[in-house]
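Per our numbering, the very first residue in the sequence shown carries number 269; after that it's consecutive.
The structure under discussion appears below in the form of structure tokens.
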Amino acid sequence: RDLSRTPLFQVSLALQNMPLPEGGPEGLEMTPRELPAGTAKYDLSLGLREQGGVFCAVLEYASDLFDRTTAHRLCEQWTRLLAAAVAAPATPLTELPLASEAQLQQVLWEWSGAGRRLPEDIDGTLHGLFAARVAGSPDSPALVFEDHVVTYGELQARAERLASRLRSLGVGPEVVVGLLAGRSIEAVVGILGVLQAGGAWLPLDPSYPTERMALLLRETAAPVLLAEAGAALPEVEGQVVALDAPNSLTPSPITSPLPGEGEGTPDNLAYVLYTSGSTGAPKGVAVPHRGVVNRLLRSRETYRIGPGDVMLQRAAGVFDVSVWELFGALASGARVGLPSQGLERDPRSLARLVAEQGVTLADFNPSALEAFLDQEDFAGAAASLRQVFAGGEAVPAELPARLAGAGFRTPLANMYGPTEASIDLLWRSCAPGEQLPAGTVPIGRSIPGTWAYVLDAQLSPLPVGIPGELWLGGVGLARGYLGRPDLTAERFLPDPFSPVPGGRLYRTGDLARFLTDGEVQFLGRVDEQVKIRGYRVEPGEIEAELARLPGVREAAVAVREDVPGERRLVGYVVSSSTPDELRAALAVLGQRLPAWMVPPVFVTLESLPRTPGGKVDRRVLPAPGALSAGVPAESFVAPRSDLERTIAAVWQEVLQLPRVGVQDNFFELGGSSLLLARLQSRLEKALGRELPLMELFRHPTVEALARHLAGGEAGQARREGRGEQARARTQTRQEAMRQLSQNRTRRRGPAGNGRGEG
């Protein structure tokens, strides 16, 4: 058990309402005296004694858990509750007030952000913000990808040519266009082309199962699919347009005046992003321009983003963080640094890219940031980055100090917001190396134009310190779920506090509370939704797909943290199939779900544990065994050489397994890209050589990796060749940037203050 708390209960209430005996032994006078306890027996103890027709109360609290201000607030709330109950005995308990009217007004208007005036500059579109930057600095670099540099003017010209083609195919306001592309210049051209035609883009990841992509295209009724060359195409009913023609990387001169802002209005649809669904099917979040524009403009003001900045686009296009990374730069005259496909998973290569491209702004989910900080030689990255953003999951309180400990003198901004709230709606900045109380960093305050309430089950505001569900409002809200009015009505409700008719609130499903300084603290979920390395996962959707597999009678999915700091999905199935039949059936799961939703580990059970109410009791689901996802015991092959034994030993240490066979797959044993980065550094120490992360991705078994490493000389030659190519690309990129700078100087005269222009 946890020795930091008493095992049976933590809060006590003692009512002493028996009168004290009168008198005493003959010749003695007795007077009761209060003795200081010195040590709290429980977390909270409330003692009452009836005396002279009134109750006297003493609150005793553990000072490690509560401060004096909190204890006083608890006393005030309790006495207010009692006074209200006495004044109106028929009032239901849930309607009795804990806070004064002044305190409720404080949390409802001042701290929530609802009392602020709406910004006056949000009547714009994403492509309108970009067009304004094109008009001001067409020769400035907009994108850098490997050895290619694309200016704002070139990017606009190529996007407008694509927009013209899309308009001829019927794309316009409220029309959704599928975009099947990885991280590339062509993907950016595709997004801008769709927006300038007036449409909304639906991002599709090339790694998605084609069955899932076809489902999303059908649900959005997309008449056009933009696809990069070589992508596995789903079944489509509309037109397929190739994104990357042979000359697509050749800059095209602008031969006519720059186009305007394109089609559409701030209230038109900008993009549709699909998230995991609790009902067993994904749901499409329909996001208009206005809320995203508000988010981008507030970021530009708060973090002073301007032409001198370089934003790293690390997130995949199917996550709304990628919208912030792309347009946070393009709406501010800054430059976007695009890593090569797969490079974003290699922390060491990413650090080199940050230094090489002079990246000043980067967004990470906290677990990826911690893996980034686990690498060595951060001198270049630490000198380059001036602001780091973190979001997608709770930020550990020690992360700002870890960032400083790795050599960074960089502020860390904790960003909070579901896809339904236009990327982020609350944020909190941490000073470099700021020491925070144990736990997680507060999610801060809402940005202008938006507000955040903490409400109880009756939608009444809760006072400071009292946990409740977090509700969001303002211009940042999405329209709802595309084609799902029932689900939209369930999650988007009328705002009972809004002075403007038609106001709405979104119920996040997150548990939160106001702190004494008015900031919001995230406390967890009120439902079963989970976050894995920034990915939003509804176990119900995975369980529904598992239940469709032949032989599976019951299924459950849970998140476990058997390795400290490494959360992973674990699937539990009750099946009538043989182990081989079940393994073959589970292999089909990757054809229906994105890779990040497929549990890397499965456990077979005779039955699922249930609560007294009949629900699956996820708290008592067993930890997966060492062989639950690997090779059956009868097929286990032990390491045969010194090299295989060294590799297997490091695997055992990282995965915390009692044994690893040479044919076991790292990812099937529960490994992830973050654990792979940890494996990389420990293997390099054990082997005494540098080991690129992509080699571990390509050789995921002990046997395959050992075979690859055995050809050391050829592998070293290839690495040296890649190093020469990288240096050549760097020189090419630097020369291109120098040439662009000279061109701007010749055309426009002396440069102004880049930060001032922002």
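Note that beta-carbon positions come from the ideal geometry of N, C-alpha and C, so glycine has one too.
Check: From this set, Leu-861, Arg-828, Val-869 and Leu-873, which residue's C-alpha is nearest Ser-1082's C-alpha?; Outcome: Nothing can be reported for residue 1082, as the shown portion of the chain is limited to 269 through 1026.
Check: For Tyr-539 and Val-604, which I take to be in contact (beta-carbon distance under 8 Å), what is that distance rounded to the nearest angstrom?; Outcome: Not quite, the Cβ-Cβ distance comes to about 17 Å (not below 8 Å), so this is no contact.
Check: Taking Arg-433 as the reference, give the member of Ala-455, Leu-423, Ala-597 and Gly-461 with the closest Cα.; Outcome: Gly-461
Check: For Ala-410, I'd like the list of residues in its chain whose CB is within less than 7 Å of its CB, leaving aside the five on either flank, ordered along the chain.; Outcome: Val-418, Thr-419, Tyr-420, Leu-423, Leu-598, Arg-603 and Val-604
Check: Across the region 480-492 and the region 436-449, are there enough close Cβ pairs to call them in contact, namely three or more that are closer than 8 Å?; Outcome: yes
Check: Kindly give me the distance between the Cβ atoms of Leu-316 and Leu-283, rounded to whole angstroms, as I take these residues to be in contact under 8 Å.; Outcome: 5 Å
Check: Kindly indicate which residue of Arg-752, Val-788 and Asp-754 has the alpha-carbon position closest to the one of Pro-735.; Outcome: Val-788
Check: What's the C-alpha gap between Ala-897 and Pro-847?; Outcome: Low confidence applies to Ala-897: its pLDDT is 41, below 50, so where it sits in the model is not reliable enough to give any reading.
Check: Report the residue from Pro-293, Ala-367, Gly-559 and Gly-777 whose alpha carbon sits nearest the alpha carbon of Asp-391.; Outcome: Gly-559
Check: At what residue ranges does the region 452-516 contain a whole run of the alpha helix (DSSP H), taking only runs of 4 or more?; Outcome: 453-464 and 478-488
Check: Is any non-hydrogen atom of the ligand ZN found closer than 6 Å to the C-beta of Arg-401, if you look at the structure I gave you?; Outcome: By its list of ligands, the structure shown contains no ligand whatsoever, and the ligand ZN lies outside what it can speak to.
Check: Looking only at its chain, what residues have a beta carbon closer than 8 Å to the beta carbon of Leu-349, apart from the 5 residues adjacent to it on each side?; Outcome: Leu-364, Pro-365 and Leu-366
Check: Under a three-way DSSP split, which group does Leu-260 fall into?; Outcome: One cannot answer for residue 260 here, as it falls past the ends of the chain, which runs 269 to 1026.
Check: DSSP puts Glu-822 in a beta bridge; with which residues?; Outcome: Val-842
Check: Which residue from Leu-911, Leu-937, Trp-379 and Ala-852 puts its Cα closest to that of Leu-837?; Outcome: Leu-937
Check: Going by other Cβ atoms of all chains shown within 10 Å of its Cβ, with 16 needed for buried, is Phe-632 buried or exposed?; Outcome: buried
Check: Going by beta carbon distance, what residues of the same chain come within less than 7 Å of Arg-747, once the five residues before and after it are set aside?; Outcome: Ala-554 and Pro-556
Check: Less than 7 Å between the beta carbons of Val-663 and Val-622, yes or no?; Outcome: no
Check: If you pair each beta-carbon of the region 685-697 with each one of the region 706-722, do three or more pairs fall below 8 Å?; Outcome: yes
Check: So, using beta-carbon positions, are Val-439 and Gly-467 closer together than 7 Å?; Outcome: yes
Check: Less than 7 Å separating the beta-carbons of Arg-451 and Leu-606?; Outcome: yes
Check: Any idea if Pro-275 is buried or exposed, counting beta-carbon neighbours within 10 angstroms, 16 or more meaning buried?; Outcome: exposed
Check: If you follow the beta strand (DSSP E) that Thr-393 is part of, which residue opens it and which one closes it?; Outcome: That residue, Thr-393, is in no beta strand (DSSP E); it is neither H nor E in DSSP.
Check: Please work out which residues of its chain come closer than 6 Å, Cβ to Cβ, to Gly-321, disregarding the five sequence neighbours upstream and downstream, and give them in chain order.; Outcome: none
Check: Indicate whether Ala-619 and Ala-651 have their beta-carbon atoms separated by less than 7 Å.; Outcome: no
Check: Applying the 10 Å Cβ sphere with the 16-neighbour rule, what's the burial state of Leu-641?; Outcome: buried
Check: Have a look at the DSSP bridge pairing and note the partners of Lys-883.; Outcome: Answer is none; Lys-883 lacks a bridge partner.
Check: Alpha carbon to alpha carbon, how far is Ala-220 from Leu-637?; Outcome: No answer is possible for residue 220: it lies beyond the span of the chain, which begins at 269 and ends at 1026.
Check: Give me, in chain order, the residues of the same chain whose beta-carbon lies closer than 6 Å to that of Pro-818; leave out the 5 immediate sequence neighbours on both sides.; Outcome: Ala-853
Check: For Ala-665 and Ala-706, which I take to be in contact (beta-carbon distance under 8 Å), what is that distance rounded to the nearest angstrom?; Outcome: 6 Å
Check: For Pro-387, collect the residues of the same chain with a Cβ closer than 6 Å to its Cβ; drop the 5 residues on either side in sequence, then sort them by chain order.; Outcome: Pro-716 and Gly-717
Check: The alpha helix (DSSP H) that contains Val-918, what's its start and end?; Outcome: 910-923
Check: Go through its chain and collect everything with a Cβ distance to Pro-890's Cβ below 7 Å, but skip five positions before and after it.; Outcome: Val-871
Check: Measure the CB-CB distance between Asp-389 and Leu-564 and report whether it falls below 7 Å.; Outcome: no
Check: So Gln-789 is in the beta strand (DSSP E); what residue range does that whole segment cover?; Outcome: 788-793
Check: Starting from the N-terminal side, write out each stretch of the beta strand (DSSP E) that is 3 residues or longer and does not extend beyond the region 675-723.; Outcome: 680-684, 694-698 and 718-723
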